[in-house]
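One line per chain: the protein sequences are A and B, in this order.
Numbered by our numbering, the letters in the first sequence go through residues 139 to 345 in order.
Numbered by our numbering, the letters in the second sequence go through residues 18 to 281 in order.
Think of the CB as a built atom: it goes at the ideal place given N, C-alpha and C, for glycine as much as any other residue.
The structure appears right after this line, and notes come after that.
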Amino acid sequence: MKTLGVLDYGVGNMQSVANALDKIGVPWDLVSEPGQVCRYGRLLLPGVGAFGAAVSRLEETGLKEEVCVSANAGTSLLGICLGMQLLGRSSEESTGYTGLGLLDAETVAITSANTTTNTGFRTVDIATSGGASGVEPLTRDYYFNHGYRLVPNDLSIVAGVLSWNGSEVVAAVLSDNVMGVQFHPEKSQGQGLSVLRGFALSGELRL
Amino acid sequence: MKRIILGLLFDGVDFYLSRNFRLQRLGNMAWLQEHFGIFDLASHVDEVAVFHVARKMETKAFALELRELARNLFIPISVGGGVRSIEEADALFRSGADRIMFSNTLWNDPNLVHEVGTKYGKQSVIGVLNYSRAEGQDPVIRHRHREESPPIALKELPTESLASLAGELVLQSIDRDGTGQGFPLESLSHFKELRETPWIAAGGFGSTAHVSQALGDPRIEAVLTSNLLAFVGSGLESARQAALGSGVDLASWDRFSMGDSNDS
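Here is the structure:
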């Protein structure tokens with residue numbers, strides 16, 4: 139089985155993800171045909187743009203069903219930005235469109251007193267499994283650019299949170315082999331590239 | 018968390034410096050890397066903004082150069098100046114752009130700006146407002162409209178419609194552009210309140226103190242400087258350190274090395 143497949147469904151900024159993977163020196167392939175999906179042990183689902191358009195393209199290409207089959211069989215799957223939102227069930231951005239449904243979560247619009255978009259580097263508080271007292275909480279700065287946010291119904295899958303404008307935004311989720319990051323690791327300097335390399339090499343989310 | 022953005026003026030072949038919007042040629046990307054270490058400079062900024070300054074944009078050629086830039090920069094890249102259709106925007110997004118900047122198009126073709134925002138999200142659109150101020154008069158937005166129309170006074174800016182089109186707005190001072198005299202923060206007092214759209218200040222940054230002062234203003238989300246002469250060498254790094262030292266909240270990051278993640 140090959141290692142890393144990057145799902146190409148004709149939406150979003152594939153070039154930046156491709157550049158980052160080349161930079162970190164891991165082998166990868168574009169996956170645009172449903173029959174190719176099962177060949178890979180790790181799948182990356184990038185995404186920029188509107189939820190509905192992305193769902194439509196995933197369905198038209200036949201990738202949506204195959205990605206779900208692979209993820210349910212244990213293949214590691216990492217969604218980036220819109221890709222993370224696509225792992226959930228639905229989005230306020232595009233009512234009537236159904237996401238992959240791999241996570242029990244919905245996506246809602248960002249509404250705060252000051253803005254409706256979240257753009258820039260933000261500090262993410264990373265959930266640690268140990269929870270030992272006296273240990274400094276782990277934080278990292280990553281680049282965000284989004285107008286909608288994922289809201290999991292099961293909070294135990296939240297792997298990272300950013301506090302912003304008086305509210306909390308889920309920055310990363312981890313549910314067994316299905317994981318997602320709201321930020322753009324390919325645009326987050328060295329620590330972002332480390333997240334991609336960690337996933338490519340281990341199939342794990344290492345923030 | 019605030020941001021420092023490096024602006025690059027590019028005509029599809031060469032990069033330029035600007036003073037009061039008059040351009041001076043520097044050289045191509047290889048020249049820029051050799052003389053300014055452009056790819057290394059990017060490790061001290063949060064974003065790069067590439068302004069296409071030729072009269073007509075050759076999308077294919079621009080996209081190729083953008084790809085080269087994106088191959089070497091792992092931070093957000095905004096591009097603008099000459100996008101005339103959704104197809105051109107598509108090509109730039111596919112080539113590594115994260116956001117598209119619109120200036121005259123905000124006024125000439127707001128439907129296109131809206132179309133890009135609908136397809137890629139409003140957060141992927143930046144509005145650029147170029148303004149100047151004649152002595153004794155209020156500042157006005159300078160824009161090239163299809164039909165002759167008077168400049169728009171800052172205090173008359175249609176802030177709600179702009180906020181519906183763009184995730185962020187750049188306020189670019191033509192008078193201070195390339196002068197190194199500092200951004201005129203007093204201009205902000207001429208604006209009607211614009212609650213939902215963060216401001217990026219551009220024009221005039223010539224010292225680390227200018228950067229710190231602007232970033233320390235609660236109305237400013239980011240500063241954009243194209244003044245390579247002022248910030249060459251360790252200038253951008255110094256500006257970042259000075260801003261951090263004055264209490265500005267800026268991101269910190271690691272340099273990537275292959276040993277960062279354990280193989281398994």
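- Annotation: Cβ neighbours of B:A87 in chain A (cutoff 7 angstroms, chain order): Q153, S154 and N157.
- Residue state for B:W270 is assigned as coil, using DSSP reduced to three classes.
- For B:F27 against B:V65, the beta-carbon gap comes to about 11 angstroms, at or over 8 angstroms, which does not count as contact.
- With at least 16 other beta carbons inside 10 angstroms of its own, B:P93 counts as buried.
- When Cβ pairs closer than 8 angstroms are counted between the two stretches, the region 217–228 of chain A is seen not to touch the region 224–233 of chain B, the count staying below three.
- In the three-state reduction of the DSSP assignment, A:R344 falls in the coil class, being assigned neither a helical nor a strand state.
- B:A170 is positioned such that its CB atom lies no closer than 8 angstroms to that of B:I22.
- Ranked by Cα distance from A:L183, the first of A:G148, A:A211, A:G163 and A:D160 is A:G148.
- Boundaries for A:T261: no alpha helix (DSSP H) harbours it, while the beta strand (DSSP E) harbouring it runs N256 to I264, taken from the DSSP string.
- When rounded, the separation of the alpha-carbon atoms in A:E230 and A:T254 is 14 angstroms.
- Annotation: the continuous alpha helix (DSSP H) that includes B:T135 extends over P127 to Y137.
- Around the beta carbon of B:V142, 16 or more other beta carbons lie within 10 angstroms, which makes this residue buried.
- Here DSSP, grouped into helix, strand and coil, assigns B:Q41 to strand.
- Among the residues of the region 172–190 of chain A, those with a Cβ less than 7 angstroms away from any Cβ of chain B are V186, G187 and A188, in the order of the chain.
- Setting aside the 5 residues that flank it on each side, A:G190 is surrounded in the same chain by S232 and Y235, each with a C-beta closer than 6 angstroms to its C-beta; the list follows chain order.
- Among the residues facing chain A, B:P93 is included, as its CB has a counterpart in that chain under 8 angstroms away.
- By the neighbour-count definition (other C-beta atoms within 10 Å, threshold 16), A:A158 is a buried residue.
- Shown here for A:L339: same chain residues with a beta carbon closer than 7 angstroms to its own, the five before and five after excluded, namely V164 in chain order.
- Nearest C-alpha to B:A80 among B:A47, B:E177, B:G29 and B:L90: B:G29.
- With fewer than 16 other CB atoms across the displayed protein chains lying within 10 angstroms of its CB, B:P235 is exposed.
- Residue environment analysis places B:D57 among the exposed positions, since fewer than 16 neighbouring C-beta atoms fall within 10 angstroms of its C-beta.
- One finds V186, G187, A188, L220, E231, T255, N283, H284, G285 and Y286 in chain A with Cβ atoms closer than 9 angstroms to the Cβ of B:G138, taken in chain order.
- For B:Q189, the enclosing beta strand (DSSP E) starts and ends at E185 to S190.
- Listed by position along chain A, the residues whose Cβ is nearer than 8 angstroms to that of B:S60 are Q327.
- The residue from A:E306, A:N303, A:I295 and A:D160 with its alpha-carbon nearest to that of A:L343 is A:I295.
- Taking the C-beta atoms as reference points, B:G99 is found nearer than 8 angstroms to B:M74.
- For A:T261, a Cβ of chain B is located within less than 8 angstroms of the residue's own Cβ.
- Distance between B:S263 and B:V249, taken at the CA atoms: about 21 angstroms.
- Taking 8 angstroms as the upper bound for CB-CB distance, B:V145 and B:V96 are not in contact here, some 12 angstroms apart.
- Between the alpha carbons of B:K139 and B:L182 lies a gap of roughly 6 angstroms.
- In this chain, A:V149 is not harboured by any beta strand (DSSP E), its DSSP state being neither H nor E.
- Pairwise C-beta distances place the region 146–162 of chain B out of contact with the region 127–134 of chain B, as fewer than three of them are shorter than 8 angstroms.
- B:K19 is bridged by DSSP to B:L267.
- Within chain A, the C-beta atoms nearer than 7 angstroms to that of B:A268 come from F259 and D279, in chain order.
- Using a Cβ distance threshold of 8 angstroms, A:T249 and A:V262 do not count as a contacting pair.
- B:G221 sits close to B:G199, with the two beta carbons spaced by under 8 angstroms.
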